[in-house]
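Enquirer:
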Amino acid sequence: MAPVDIPSFAGRQLSLLAAELEAEMAETATLVGGAHSPSALQRAGVALANLVVSAQRTGFGGKTVLELGPDAAIITSGSGGGGSGNAELPEHGIRTGDIVLVSEQPASGSARKREVREMEKKGARGVVTRVARNFVGVALNEDKEDREDGGVGGLVNGGAGRLWIVKLADEVTYKRMKDTMGRLQKMTAAEHSIFIRVLFGQSTPSPVPVDLKGDEEYGKVEWVDPTLNESQKDAIRFALASKEIALIHGPPGTGKTHTLIELILQLLRRDQRILVCGPSNISVDNIVERLSPHKVPIIRLGHPARLLPSVLNHSLDVLTRTSEAGEIVKDVRAEMDAKQASIRKTRNGKERRAIYADLKELRKEYRERERKCVSNLVRGSKVVLSTLHGAGGFQLRNEEFDVVIIDEASQALEAQCWVPLLSAKKAVCAGDHLQLPPTIKSLNSKIKPKGAGAIGGGLETTLFDRLLKLHGQGIKRMLTTQYRMHEKIMQFPSDELYESKLVAAEFVKERLLKDLPYKVEDNDDTSEPLIFIDTQGGDFPERTEDEDTAGKLTKSMLYGESKSNEHEAALVRQHVRRLVDSGVKPEDIAVVTPYNAQLSVLAPLKEAYPGIELGSVDGFQGREKEAVIVSLVRSNSEGEVGFLGEKRRLNVAMTRPKRSLTVIGDSETVKKGSKFLSRWMAFLEDNADLRYPDLASLEEA
């Protein structure tokens, strides 16, 4: 692969990012601005309706945090009533970290077109900091929070009636990617470090000795965890010895995070300063949790309410409070909380305006003191952890690191990876490029430009992918012992995607559902690791979800002409019941499918079996369960399989289970989709417990 022209690459990324943001914002505007009711948008997972402010406080950064709970006036008996403080929120799709608009809810049944900008005038943008059963916490943006007529003033002081939350595109992340690509575009050749030159193929990576195990320096590593397997030790030695770039390829269940922990500890022994990043909060928090027992000084950047409770003691919020400088910050925060409380007690407009003016000054003072405190803490830390875009915050401005470690690098946009990489001298990227890449919504980002070799591909080409193509297998080490799957479940993905190199660890290679640490019957469903329920014959046809019934949200907008298969869903319910009747706990079972429309058909399972997990294949990436049922959905005479033909998506689906994988689908349709699918169907026919259902068996489902 030819060297990449850096300004051209950055310029193309900027245009692609602009198109992607535009696509996300257009999707939001289409959904929110249409004639769909708030309840329909709630069912679609993009809004949460019928809320009131149940509490208000000052959070990290001096930001106002609203707690929004269900409106007691609309709570019906049986819905967990007893006031909005106790009532539970209905099922919804709002998640921690989402960028949302908190606004006055439009009248039910209103067909008037709503503009997001118009809604903002009486509301405020913010970030979801916590999702509990009975409330959602939102930290409001600072631009309007001190205004009486908008933001907090408009929402809390009688200016708004019932409220709702609407999901928006994450413009902050895009801004940081855009700023980073802009910096890269403007850099002169003289400013390009050897590290940057290597990452764009303008220099060759420094050679690494072939036999590191026998190397004088790296062959004598004193391991913190001596139980590491040989492929993990080899990957760590390689990452330590590499001068510019190392890729750690971690197939499902191979202990990638475990390997990164040892690498971080070894780098610390070599007095290296490390920045550890991932595309999501959960990916970073998992590393913080694993590092914590080693008692090394670490700082986790990010809003504390977005973090796992177990990592809070390492968050900047807690550290600023417990440091000496934090005592002064604490006093200002207490004064701000008192001012916030006094707003609700006064009805005098002049007094309220005076309080808002005081709050503005206090907030300014708070942020100045907090920044100084934060700067001192970060500068003195050897290990800093944040999300990729979080590394672009003020806390790390002008900070430099010896090594940047990026976990789940194959699930992140390359532009996002460059946010921390511009402050690095060396990078270690860990991930699995044979699982799903980041989701791309803009169509033109997937069109390869002329001369793509010179400026890179579209947004779906990750840094991990590009570096592999650029420098070859020599910059990569693969982990080969997997600790998740029964060897029969592992076999096909290993042979097809991982060069037959995966080996099941001794304690997982033969474990079955009947061997769970609680009482489970020994029968055909619990003693078989691999089951294929083949619906071939045309009795289980798929259905295209064009539109819901009149007046409801158009499903094609949400699901993109998604497919469902009700008869196949009945087979799923039947198999779940058999497993539960055999003693398997619902919380040890997951049902995954590539199609969102199928999830809506399967939704009653959650009521019938509390604890069971339902999810899209894409959403279940990185997860695992004792038993996984995969509903393939596609069944048609044309042999059309759509995006089921993406082998990375199927790789995710078939590598989630530990002890039991049940695949339900039409082999006649699926095998026509691709050579990969044809080989998978042949493998299942030869190696799985093969079952052929009939429609009569569904009457009891």
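In terms of this note's numbering, the numbers along the sequence shown are unbroken and rise by one, the last being 748.
Virtual Cβ for every residue (Gly too), placed ideally from N, Cα, C.
Locate the beta strand (DSSP E) running through I346, then write down its first and last residues.
Expert: First-last of the beta strand (DSSP E) with I346: I345 to R347.
Enquirer: Would E291 pass as a contact of S253 if the rule is Cβ separation under 8 Å?
Expert: Yes.
Enquirer: Looking at K705: is its Cβ nearer than 8 Å to the Cβ of E660?
Expert: Their beta carbons are not under 8 Å apart, which means K705 does not touch E660 by this criterion.
Enquirer: Look at the Cβ atom of S682, then the Cβ atom of E613, and state whether they are nearer than 8 Å.
Expert: No, the Cβ-Cβ distance between S682 and E613 is not below 8 Å.
Enquirer: So what does A462 bridge to, in DSSP terms?
Expert: Answer is none; A462 lacks a bridge partner.
Enquirer: Tell me L559's beta-bridge partners as DSSP assigns them.
Expert: BP columns for L559 are empty, so no partner.
Enquirer: Quick one: what's got a C-beta closer than 7 Å to R531's C-beta in the same chain, skipping five residues either side?
Expert: Here the set comprises P299, G300, V555, E671 and K705.
Enquirer: Mapping DSSP to helix, strand and coil, what is P117?
Expert: In this structure, P117 counts as strand in the three-state DSSP scheme.
Enquirer: Count the other CB atoms, across all protein chains shown, that sit within 10 Å of the CB of W270; report buried if there are 16 or more and exposed otherwise.
Expert: That one is exposed.
Enquirer: Pull up the distance between the alpha-carbon of S84 and that of D217, whole angstroms please.
Expert: Whole-angstrom Cα-Cα distance: 23 Å.
Enquirer: Tell me, please, which residues DSSP counts as bridged to S433.
Expert: S433 is bridged to C324.
Enquirer: Look at the alpha carbon of K548 and the alpha carbon of D542, and state the distance between them as a whole number of angstroms.
Expert: Going from the Cα of K548 to the Cα of D542 covers about 8 Å.
Enquirer: With H, G and I counted as helix, E and B as strand and the rest as coil, what does DSSP make of R696?
Expert: The answer is helix: DSSP assigns R696 an H, G or I state.
Enquirer: Using the three-state DSSP reduction, which class does E507 fall into: helix, strand or coil?
Expert: In the structure shown, E507 sits in coil (DSSP, three-state: anything other than H, G, I, E or B).
Enquirer: Here's a check: name, in chain order, each residue in its chain whose Cβ is nearer than 8 Å to the Cβ of S289, leaving out the five neighbours to either side.
Expert: Closer than 8 Å at Cβ, skipping near neighbours: P252, S253, V255, K473, V475 and I522.
Enquirer: Using the C-alpha atoms, what's the distance from T143 back to R177?
Expert: So the two alpha carbons sit approximately 6 Å from each other.
Enquirer: Going residue by residue through the stretch 281-306, where are the continuous beta strand (DSSP E) segments of at least 3 residues, counting only ones entirely within it?
Expert: Fully enclosed beta strand (DSSP E) runs of 3 or longer: 292-296.
Enquirer: Round the Cβ separation of Q749 and L483 to the nearest angstrom and send it over; I've been treating them as touching at under 8 Å.
Expert: No information on residue 749 is available, as it lies outside the stretch 48 to 748 that the chain covers here.
Enquirer: In the DSSP output, which residue or residues are listed as bridge partners for V675?
Expert: Note: V675 sits in a beta bridge opposite A637 and L708.
Enquirer: Going by DSSP in three states, D332 sits in which element: helix, strand or coil?
Expert: Looking at D332 - three-state DSSP - the assignment turns out to be helix.
Enquirer: So, with DSSP's three-state summary, where would you put G184?
Expert: DSSP places G184 in strand when its eight states are reduced to three.
Enquirer: In this structure, what does DSSP give as the bridge partners for V147?
Expert: Paired residue(s): G173 and K214.
Enquirer: What does the alpha-carbon distance come out to for the pair S603 and K260?
Expert: Because S603 carries a pLDDT of 39, less than 50, the predicted location of this residue cannot be relied on, and the following value inherits that uncertainty. Answer to the nearest angstrom: the Cα atoms are 55 Å apart.
Enquirer: Taking 8 Å as the limit between beta carbons, can you name the residues of its chain near R180, skipping five residues before and five after?
Expert: If we look at R180 and ignore the five residues flanking it on each side, its Cβ neighbours are E135 and L136.
Enquirer: Can you give me the Cβ contacts of L626 inside the same chain, cut-off strictly under 7 Å, excluding the 5 residues immediately before and after it?
Expert: Around L626: D572, I636 and A674.
Enquirer: To the nearest angstrom, how far is it from the Cα of M383 to the Cα of R410?
Expert: Going from the Cα of M383 to the Cα of R410 covers about 8 Å.
Enquirer: Taking C-beta to C-beta, are V174 and I212 nearer than 8 Å?
Expert: Result no, Cβ atoms of V174 and I212 do not sit closer than 8 Å.
Enquirer: Do A186 and V99 have their CB atoms nearer than 8 Å?
Expert: No, these two residues do not count as a Cβ contact at 8 Å.
Enquirer: Quick one: Cα of S574 to Cα of G519, how far?
Expert: For S574 and G519, the distance between alpha carbons rounds to 42 Å.
Enquirer: So the alpha helix (DSSP H) M17 belongs to, where does it begin and stop?
Expert: No information on residue 17 is available, as it lies outside the stretch 48 to 748 that the chain covers here.
Enquirer: Can you grab the Cα-Cα spacing for the pair F56 / S250, in whole Å?
Expert: When rounded, the distance between both Cα atoms is 16 Å.
Enquirer: Can V619 and S707 be called in contact, C-beta distance under 8 Å?
Expert: The answer is no: Cβ separation not under 8 Å.
Enquirer: Quick one: Cα of R223 to Cα of L61, how far?
Expert: Whole-angstrom Cα-Cα distance: 11 Å.
Enquirer: Suppose the cutoff is 7 Å on Cβ atoms and the five residues either side in sequence are ignored; what does the same chain contact list for V379 look like?
Expert: L409, E412, Y413 and R416, listed in sequence order.
Enquirer: Between the Cα of E71 and those of R418, D332 and T220, spot the shortest distance and give me the residue it belongs to.
Expert: Looking at the Cα atoms, T220 is the closest of the given residues.
Enquirer: Measuring CA to CA, which of Q583, T591 and N445 is closest to D43?
Expert: Coverage of the chain is limited to positions 48 through 748, which leaves residue 43 absent and any answer about it impossible.
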